[in-house]
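S.K.:
Protein chains in written order, with the working numbering: chain G, 136 to 425; chain E, 440 to 1189; chain F, 391 to 549.
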C-alpha cells in the first residue's frame, strides 16, 4: 500500500470519523513500526494514514485504585519507564520492553502491538495474563472486549471498519498477585519471539495459589489462554511438580508452526520451559508483594 | 630486517585522518552523491529460483510517464567467454553479464532481469509492475548433494566438469573438480594408529556489510563517463564495466566512494554496468541503490559447503595423514572458492601425506562472491573440529597437539611452496600461556581451540606523494579504505622522511588520477600499498637529498637524511624537509615521489582463537562468555586497527557459527532476506573480544608487515563449534548452532 | 501526488520541506534536504544506521514518515559536535578506533548520546543492550562499547 494521504486528528471522535466511510483503505498509526514497513512492501494499493499521536488521551495513562487505564499509543520507551506501573505489572512492562530495539521502543506501542495482532506479539500474552480489557470506540459509542478475545486470527482482530482501540484497562492487582513474561529468541535482542509465556499468579498468605492465568505467544495462530496450565497451579504452593504439570499443559495446548524462526517441536518444548521459568518469577514477585 | 626494530611513528594508534568525516556523518558513501538532472534506476528480479524466460515485454513499463529508459541483457554488446579478473575470484565475462542481467534463464530467486530508470524512485518501482514476463518454472537444485546426483536438473546445458581424468560427455552441475596431493596418502593412513573422520556442513552466509551497494553514474557519449560507487576495487569496476559495455578504459572514470563494509562482497559489479546503460539510453545521470532485500537475495554470499575430512595419527600425537573431499556451492554460475579451501585447510600442519579433492558445484542460489579469506573458514572448520576430536582421543591438550604438528618455516605446503618464516608456533604458545586458557570453566560451559591460515597476497599498487611548498604533502594511493588503512599509510609515509604523519594527507585517487592499483582485498593493502607508500617515501627522501646537495654544491652521496633533516656530510649545514620544499622551485620544481609496484613476498598470517561458551541445556541457547583472538601481524603498523581486524573477523565467524544462515523454501525462495531473520551478532550477544598481537616479522616487507584482514574469520567456526561440543558432550558437525539444532543434539543424546 | 508542506526544526534550526506522504523521514533527510549523514542500511528498523531523535526520543528515521516531523524537534548526526569541536563521544570513538568502515558510526553516535543522556553511568551490559539496535559488522562491538563507557565516564567527570 502506498501512503497517499495523512491525517493527524486531535481527538478520538475526529479519528473515528476519518476511519468511517473513506473511499480508500484507511489505517491508524501510532508508532508505525509495523505499518510503515508493511506499506513499503507493495506500492500499488493506496493507503490513508490516521496518526493517533496527537490525541492526548491515546498517549497518556492513569493509575488509580481501580487500576491502570492506558492510552494504547503511548510509546514503549515511555511506558516501560513508569515505575508505578512497573511495580504493579512487572510482566506487562517487561513484555513491552522486549519489543524491538531502543529505537523501536521510541515509537512502538502496546496498542499497536495488540492491533497488529501478530501471533508472536510480545505484549499479548502479558496482557492476557493480567486480564486486560480493550475499550473500542466507534461512531456508535464504546464497547469492551476481553483481550484474550480481541485477536481472532493471524494478523486479524475483532475490530470492524470504523472502530478504534481507545483504551486498555487492567484491574489493579491485589497484594499476592503478580505477573511475569518471558520470551525465547535465538540472539539476545532484535528477534521476533520464537515462543512467549505470560503468567500471573495469586498467592494467599499461606503461599497457596488461589488464582492463575497462563498465556502463550508464538505457538498458535493467536496468543492463547491455557486454562489447564492455570489449573495445574491453583491450589498448590507452585512447587516443582505443579510447575512441571503447568509446563506440560502449556506444551500440550500449543499448536505451533515450523518456519524460519523455529520448528514446531522446538517451539512446543520451549513454551513449556518458558511457562516454568515465568511461573517461578511470578511466584517470587507475588510472595514479595504480600 | 632486524627483529626488535625501533620505529619513530610506526606502531602507534594514531587518530585516522578520515576520522573527523566519519564521526560527523560528512563522509560520502555510495548512496550519498546526487547530480543535477539525476534519475533513479530500479531492477525487476526473478520470483523463481530456476526458470526459463519465455517472453519479456517492457512496452507498458516504457510507456509509463516519467520512465526514461529500460535495460535488459540484450543491451550488452555480445560478450565472449573471456576470463576477467573480478576482484578476488575469476568469472567469465559471459557469466558476469548473465548474472548482472539474466539472459533467457533465471537461475536464483532475485536474479536481475530488467532495469528501469525514471524521474523518481517511486515511478521506477511502479514501472517494474508493468513489465510483462512469462516464466517456465523449472525444478531448482538447492544443495551440493542434489546438484551432484544423477538426473539432477541442470543449470547450464553447456557445463562439462573440468579437471576429470577423462572429459565427460554429459553436462553436469559440477563445474570443476580439483585435486591437491603430497606424499602417499595410503601409506600415511597405514601408518596411523588412530583415525578420526567426519562430514561437516556449513551454510550459505552473507558478508553482512551495513551499506547496500549503491552508485551514481553518468554516461557521456563524447567524453568521460563516470561511475561513483561503493567498491573495494574501482579499477576492477572500470575493467568489468568497460568490458561489458565495450568501452575503452580511458573513457570511463570510476571514483571509489567511502565504503560501508565489503569483506569481499564488493569486489565485483552488480549495479554499475546496468546504471551506465540506463544513463546512456536516457541521457541523464542515474542513481541506483540496492535495498536490503536485494543485497541478501542478489549479491554474492559465501559458499555453503559439505566437507568430509579424515585425519590419521600415531599414538604419540604425530599426524601421519590428512585427507579431505570438499564440495562447495558456487551459486548460479561457476566459481566458488573451493580451491582456496583445498589449499588452506591442512596448511597449519606439517604432515607429509595429504590429499584433497574439491568440487565447484552450481546450485540455484545467488552466485557466491568472496567472503573474507574465501573458502578457508568452511574447510578449516572441518579440520579444526577433527583435530580437537583427535586430541581428546589421544588424551592430549589441544594446543599441545597442534604445537607438536605445527607448520613452521620450511614446512612444505600442499599447494606448492615451502613456508617462509611464519608465526603459528608463537600464536599457539601465546594461546597456551594466555589468561583465557588458564581460566577454569563453569558447569554447562565448554571450550574450543582452533587455528587458521591465510596466504595473503601482494599485487599491484601505485602511490605518489606530492609535496607542497610548506612541507605538507598528499599521499595519493588507490586502495579504497575499508578499515582505516589511511592511518597506516600516513605512518608508513612519514617514517623514513621522519616527519610528523599528520603533515601528510592520504587520499584515495580515482582511476584517472592514481595509477593502477589492485582492489582492497586479500589482506594486501597495508602490505602492498604500504610497500608502495614506503617506496614513494624513499623516493621523496632521495629527491630531498638531491635538492639539498644541489643547494650545497655537493654530491648526493655526501648528503644524509635523519630526523626529518638533510645533513651535509661534507660540511655542517642542515636543511629541514620544509625548507627544501620551500626552495624547491629553485632546485627543479615541487617534489613528488612515486612507488609503482607489483608487491611480492606477502607473508601469511596464522591465527589461533580460544572460545568459551555457556549452553542452556533446556533451550539449546549458546552464549559466548569468553573469547580471545591471537594472530600474527608481522608488524602492527596501527595496533588498534589490527586488533579491530581480529575482533571483526572473530565476530563474523561467531555469527556464522551460531545463527547466520540463508533459509530457503523447498522452491528455492530465500525466506530471510533481512536483518530481522538473517541473524548477525548484536552488541548484547557478545563479550569483549580479547586480542593478542603476535609479531613474527615478514622479511619481505620493509617494516615486517603481514596482512591481517582475513585470517581472523577462519578459526571462530571451530572455536565456537568445538566449545559447544565440549559443553554438551555431543559431536557437532553442522552449522549454524542455533538453539533448535543444539537442543536437538542434546535431546538426541539422551 | 500532491506534496505536503512541512515546517519542523532540525538540530535546533527551523526547516521547511515538501514531501510526498509515503516518504519516510530518512528519505526526506537524505534526498530532499541533502543531509546524508543519516544512513540507510535496511529500511526496516533492524540496523539502526538511520538513528535520529524525534522530540528527544531515539528512533529510526526509516520508521517515521516525513510528514510526522511537523512541529517536532528532529535531532541528527549533523547536530552533534561542530566544525570546531567534536563531541566527547565522537572523540572517544576516534581515540578507541571504534569505527572501521564508519557507516554505522553516525547512528551509533546518536544512539550513544541518547544512552548517556538517559543513563550517565551505564554498565557494560546496559550499554550493550541499549545499543543492540545498532548493527556493526566491522568492529565486533568491543571498541565501540569501550568508547561509549569511556565517553560516559569523561562526561560524568566533566559535569
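From the three backbone atoms N, C-alpha and C, an ideal C-beta is built for every residue, glycine too. Here the structure is a predicted model, which means the values were calculated and not measured.
First and last residue of the alpha helix (DSSP H) that includes residue 875/E?
M.R.: Per DSSP, residue 875/E belongs to the alpha helix (DSSP H) from 874-877.
S.K.: Using a C-beta cutoff of 8 Å, does residue 316/G count as contacting chain F?
M.R.: False, the Cβ-Cβ gap to chain F never drops below 8 Å.
S.K.: Return the first residue and the last residue of the alpha helix (DSSP H) that residue 238/G is part of.
M.R.: It spans 237-240 - the alpha helix (DSSP H) in which residue 238/G sits, taken as one unbroken run.
S.K.: Let me check understanding here. Comparing Cα to Cα, which of 1128/E, 499/E, 747/E and 882/E lies closest to residue 817/E?
M.R.: When each option's Cα is compared against that of residue 817/E, the closest is 747/E.
S.K.: What residues in its chain sit with their C-beta under 8 Å from that of residue 420/F, if we drop five residues either side in the sequence?
M.R.: Cβ within range, chain order: 426, 428 and 430.
S.K.: Does the separation of the CB atoms of residue 336/G and residue 389/G fall below 8 Å?
M.R.: No, Cβ-Cβ distance for residue 336/G and residue 389/G is not below 8 Å.
S.K.: Does any residue of chain F have a CB that is nearer than 8 Å to the CB of residue 1188/E?
M.R.: By this cut-off, residue 1188/E is not an interface position.
S.K.: Against residue 327/G, what residues of chain E qualify as contacts under a CB-to-CB distance less than 9 Å, listed in chain order?
M.R.: Under the 9 Å cutoff, chain E gives 1115 and 1116.
S.K.: Counting only beta-carbon separations shorter than 8 Å, does residue 499/F have a partner in chain E?
M.R.: Yes, contact with chain E.
S.K.: Cβ closer than 8 Å: which chain G residues qualify as neighbours of residue 1058/E?
M.R.: Under the 8 Å cutoff, chain G gives 319, 405 and 408.
S.K.: How about the region 357-366 of chain G and the region 456-469 of chain E: do they share at least three Cβ pairs that are nearer than 8 Å?
M.R.: Judged by Cβ distances under 8 Å, the region 357-366 of chain G makes no contact with the region 456-469 of chain E, as fewer than three pairs qualify.
S.K.: Counting only beta-carbon separations shorter than 8 Å, does residue 392/G have a partner in chain E?
M.R.: Judged by the 8 Å Cβ criterion, residue 392/G is not in contact with chain E.
S.K.: Where DSSP assigns a beta bridge to residue 468/E, which residues make up the other side?
M.R.: Residue 468/E is bridged to 697/E.
S.K.: Report the residue from 393/F, 548/F, 518/F and 443/F whose alpha carbon sits nearest the alpha carbon of residue 1120/E.
M.R.: Ranking 393/F, 548/F, 518/F and 443/F by Cα distance to residue 1120/E puts 518/F first.
S.K.: Do you know offhand how far residue 1096/E's Cα is from residue 611/E's?
M.R.: Roughly 31 Å separates the two Cα atoms.
S.K.: Tell me whether the region 1172-1189 of chain E and the region 1045-1065 of chain E touch, counting them as touching only if at least three CB pairs, one residue from each stretch, are closer than 8 Å.
M.R.: Judged by Cβ distances under 8 Å, the region 1172-1189 of chain E makes contact with the region 1045-1065 of chain E, as three or more pairs qualify.
S.K.: For residue 999/E, which residues from the same chain have a beta carbon less than 6 Å from its beta carbon, with the 5 sequence-adjacent residues on both sides left out?
M.R.: Result list for residue 999/E: 1006 and 1008, in chain order.
S.K.: Given that residue 1098/E touches chain G, what residues does it touch there, using C-beta distances under 8 Å?
M.R.: Within 8 Å Cβ-Cβ: 321 and 322.
S.K.: At a Cβ cut of 8 Å, what residues of the region 1158-1179 of chain E count as close to chain G, listed as they run along the chain?
M.R.: Cβ contacts with chain G come from 1177, 1178 and 1179.
S.K.: For a quick check, are the C-beta atoms of residue 596/E and residue 580/E less than 8 Å apart?
M.R.: Taking 8 Å as the Cβ cut-off, residue 596/E and residue 580/E do not qualify as a contacting pair.
S.K.: Check each candidate in 234/G, 358/G, 180/G and 297/G and name the one with the smallest Cα separation from residue 210/G.
M.R.: Comparing Cα-Cα distances from residue 210/G to each of 234/G, 358/G, 180/G and 297/G, the minimum goes to 234/G.
S.K.: Spell out the partners DSSP gives residue 1197/E in its beta bridges.
M.R.: In the structure displayed, chain E extends from 440 to 1189; residue 1197/E sits before or after that span and is not available.
S.K.: Are any of the Cβ atoms in chain G nearer than 8 Å to that of residue 414/F?
M.R.: Taking Cβ atoms only, chain G reaches closer than 8 Å to residue 414/F, which makes this a yes.
S.K.: Using a C-beta cutoff of 8 Å, does residue 510/F count as contacting chain E?
M.R.: No, its Cβ sits nowhere closer than 8 Å to a Cβ of chain E.
S.K.: So is residue 182/G buried or exposed if we call it buried at 16+ other beta carbons inside 10 Å?
M.R.: Residue 182/G should be labelled buried.
S.K.: Could you check which residue in 406/F, 438/F, 433/F and 402/F has the C-alpha nearest to that of residue 423/F?
M.R.: It is 406/F whose Cα lies nearest to the Cα of residue 423/F.
S.K.: Please work out which residues of its chain come closer than 7 Å, Cβ to Cβ, to residue 242/G, disregarding the five sequence neighbours upstream and downstream, and give them in chain order.
M.R.: Excluding residues within five positions, the ones whose Cβ falls inside 7 Å are 166, 167, 168 and 210.
S.K.: Using beta carbons (cut-off 8 Å, strictly below), is residue 568/E in contact with chain G?
M.R.: Yes, residue 568/E lies at the interface with chain G (some Cβ there is under 8 Å from its Cβ).
S.K.: Select from 675/E, 670/E, 833/E and 848/E the residue whose C-alpha is nearest the C-alpha of residue 702/E.
M.R.: Closest option to residue 702/E, Cα to Cα, is 670/E.
S.K.: Name the DSSP beta bridge partners of residue 395/F, please?
M.R.: In the DSSP output, where bridge partners are listed per residue, residue 395/F has 408/F.
S.K.: Would you kindly check if the distance between the Cβ of residue 283/G and the Cβ of residue 338/G is under 8 Å?
M.R.: Against a cut-off of 8 Å, the Cβ pair of residue 283/G and residue 338/G comes out as no contact.
S.K.: Can you list, in chain order, the residues of its chain whose CB lies under 6 Å from that of residue 287/G, leaving out five sequence neighbours each side?
M.R.: Result list for residue 287/G: 293, in chain order.
S.K.: Grab the span of the beta strand (DSSP E) containing residue 928/E for me, first residue to last.
M.R.: Note, residue 928/E: premise wrong, no beta strand (DSSP E); alpha helix (DSSP H) at 924-934.
S.K.: Buried or exposed for residue 679/E, please, with buried defined as at least 16 other CB atoms from any protein chain shown within 10 angstroms of its CB.
M.R.: Buried, since its Cβ has 16 or more Cβ neighbours within 10 Å.
S.K.: Could you name the residues of the same chain whose beta carbon sits closer than 6 Å to that of residue 749/E, not counting the 5 residues immediately before and after it, in chain order?
M.R.: For residue 749/E, where only same-chain residues beyond five positions count, the Cβ hits under 6 Å are 636 and 762.
S.K.: For residue 147/G, count the other beta carbons within 10 Å of its own beta carbon; 16 or more makes it buried, fewer makes it exposed. Which is it?
M.R.: Residue 147/G comes out buried.
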